[in-house]
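In this text, residue positions in the sequence shown follow the working numbering: the first is 743, and each later residue adds one.
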Amino acid sequence: MPLALILSSYVAASRIGGAAQQYVLAAHGVDPVLVPTVLLGRNPARGGAGQAVEDVHFAAMLDDVEADGLFGLADLVITGHFSSAGQVALAAQTIQRVRGADRAGAIKSRPVILVDPILGDAPKGLYVRPEVAEAMPDLVALADLVTPNRWELSHLSPGPVATAAFRLGRPALVTSATTDQTRIGAALVTAEGATLFSHPRLPAVPHGTGDLVAASLGAGLVQGLDLGMAAERAVRAVAQTVTAARTWGAPELPLVA
Numbered sequence: 743m744p745l746a747l748i749l750s751s752y753v754a755a756s757r758i759g760g761a762a763q764q765y766v767l768a769a770h771g772v773d774p775v776l777v778p779t780v781l782l783g784r785n786p787a788r789g790g791a792g793q794a795v796e797d798v799h800f801a802a803m804l805d806d807v808e809a810d811g812l813f814g815l816a817d818l819v820i821t822g823h824f825s826s827a828g829q830v831a832l833a834a835q836t837i838q839r840v841r842g843a844d845r846a847g848a849i850k851s852r853p854v855i856l857v858d859p860i861l862g863d864a865p866k867g868l869y870v871r872p873e874v875a876e877a878m879p880d881l882v883a884l885a886d887l888v889t890p891n892r893w894e895l896s897h898l899s900p901g902p903v904a905t906a907a908f909r910l911g912r913p914a915l916v917t918s919a920t921t922d923q924t925r926i927g928a929a930l931v932t933a934e935g936a937t938l939f940s941h942p943r944l945p946a947v948p949h950g951t952g953d954l955v956a957a958s959l960g961a962g963l964v965q966g967l968d969l970g971m972a973a974e975r976a977v978r979a980v981a982q983t984v985t986a987a988r989t990w991g992a993p994e995l996p997l998v999a
């Protein structure tokens, strides 16, 4: 069974961050291992006040995961929210350690490194510490692919979506890539060109769609889908899930259902 290492947030009562990605990966048949960067009871957008994991504790958890031999079994690494520049640096070291580990017993000969550069969003702007944003380009440079939203892409690489994403130097699936008032979607940008996957825009969508996209995309690549097919399936998963949330009046993304 493929294994994914997630370095991101844990939010107990909300389907966001790394905790939510565990459900998505499990649904795709990928075994998740979450090393949390922050612990929260509820979505901070609703007033949740949690506790950032200290760098020393984050490092110790990573060492324990490695000691259990899981770095060599990780077919996918997803990075998301970070609470400090130190965590970003530890994530970069972890990627190198995963890539250098003995892969006897792993499903894939080489792990897929997916960086979701969580920095902020429109209209609020930056919602991580400035030092995290400053450190993020170093992590992006280690990625096999990235999944920024439109605002995050503009922070990393200003300019039109396709041009800005191309300058990152690795494939990117840019979420919220269209300003169309009736449709929303994601732009897949590679060295070969750009493709837009879109679906009807719905009001009052629960948080966590970017986390869903990243997890579904990564799972698709581990399962052997080509990048275009994995991207289409990820965007389709978001469209179906937000539609279900609206139909059922769900305050959170109904990932399990």
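Built from N, CA and C at the ideal position, the CB exists for glycine as well.
Could you check where the beta strand (DSSP E) with residue i kicks off and where it finishes?
i: residue 775; result: 773 to 782
i: residue 905; result: Premise fails: residue 905 lies in the alpha helix (DSSP H), 903 to 909, not in any beta strand (DSSP E).
i: residue 799; result: Premise fails: residue 799 lies in the alpha helix (DSSP H), 797 to 809, not in any beta strand (DSSP E).
i: residue 788; result: Counting along the chain, residue 788 falls outside any beta strand (DSSP E), and DSSP gives it neither H nor E.
i: residue 928; result: 925 to 932
i: residue 915; result: 914 to 916
i: residue 935; result: 935 to 942
i: residue 856; result: 854 to 857
i: residue 746; result: 745 to 753
i: residue 820; result: 816 to 821
Just confirm the distance between the C-beta atoms of residue i and residue j, as a whole number of angstroms; I'd bet it's less than 8 Å.
i: residue 798; j: residue 819; result: Their Cβ separation, rounded to whole angstroms, is 21 Å, which puts residue 798 and residue 819 out of contact at 8 Å.
In whole angstroms, what is the alpha-carbon distance linking residue i and residue j?
i: residue 896; j: residue 903; result: 8 Å
i: residue 844; j: residue 988; result: 46 Å
i: residue 961; j: residue 921; result: 28 Å
i: residue 910; j: residue 779; result: 25 Å
i: residue 782; j: residue 999; result: 23 Å
i: residue 848; j: residue 814; result: 7 Å
i: residue 805; j: residue 770; result: 27 Å
i: residue 809; j: residue 985; result: 42 Å
i: residue 993; j: residue 940; result: 23 Å
i: residue 931; j: residue 975; result: 16 Å
i: residue 997; j: residue 963; result: 20 Å
i: residue 768; j: residue 842; result: 26 Å
i: residue 919; j: residue 948; result: 18 Å
i: residue 955; j: residue 965; result: 15 Å
i: residue 951; j: residue 846; result: 34 Å
i: residue 934; j: residue 791; result: 43 Å
i: residue 802; j: residue 796; result: 10 Å
i: residue 756; j: residue 784; result: 6 Å
i: residue 800; j: residue 835; result: 12 Å
i: residue 972; j: residue 892; result: 20 Å
Given residue i, which residues of its chain have a CB within under 6 Å of its CB, disregarding the five upstream and five downstream residues?
i: residue 936; result: 904, 929
i: residue 886; result: 854, 855
i: residue 793; result: 781
i: residue 983; result: 995
On the DSSP letters alone, give me the boundaries of the alpha helix (DSSP H) that residue i sits inside.
i: residue 958; result: 951 to 964
i: residue 837; result: 827 to 842
i: residue 896; result: 892 to 898
i: residue 989; result: 969 to 990
i: residue 869; result: Here residue 869 belongs to no alpha helix (DSSP H), and DSSP marks it neither H nor E.
i: residue 766; result: 759 to 769
Residue i: buried (16+ other C-beta within 10 angstroms of its C-beta) or exposed?
i: residue 764; result: buried
i: residue 754; result: exposed
i: residue 821; result: buried
i: residue 817; result: buried
i: residue 946; result: exposed
i: residue 968; result: exposed
i: residue 744; result: buried
i: residue 746; result: buried
i: residue 829; result: buried
i: residue 788; result: exposed
i: residue 865; result: exposed
i: residue 811; result: exposed
i: residue 958; result: buried
i: residue 978; result: exposed
Please work out which residues of its chain come closer than 7 Å, Cβ to Cβ, to residue i, disregarding the five sequence neighbours upstream and downstream, and give them in chain order.
i: residue 890; result: 859, 898, 914, 916
i: residue 861; result: 868, 870, 875, 878, 894, 897
i: residue 900; result: 906
i: residue 759; result: 750, 751, 752, 753, 822, 823, 953
i: residue 980; result: 951, 954, 955
Within the same chain, show all residues whose beta-carbon is closer than 8 Å to that of residue i, passing over the 5 residues directly before and after it, in chain order.
i: residue 827; result: 871, 873, 874, 876, 877
i: residue 882; result: 857, 859, 888, 898, 910, 912
i: residue 833; result: 749, 821, 824, 881
i: residue 943; result: 922, 923, 924, 925, 926
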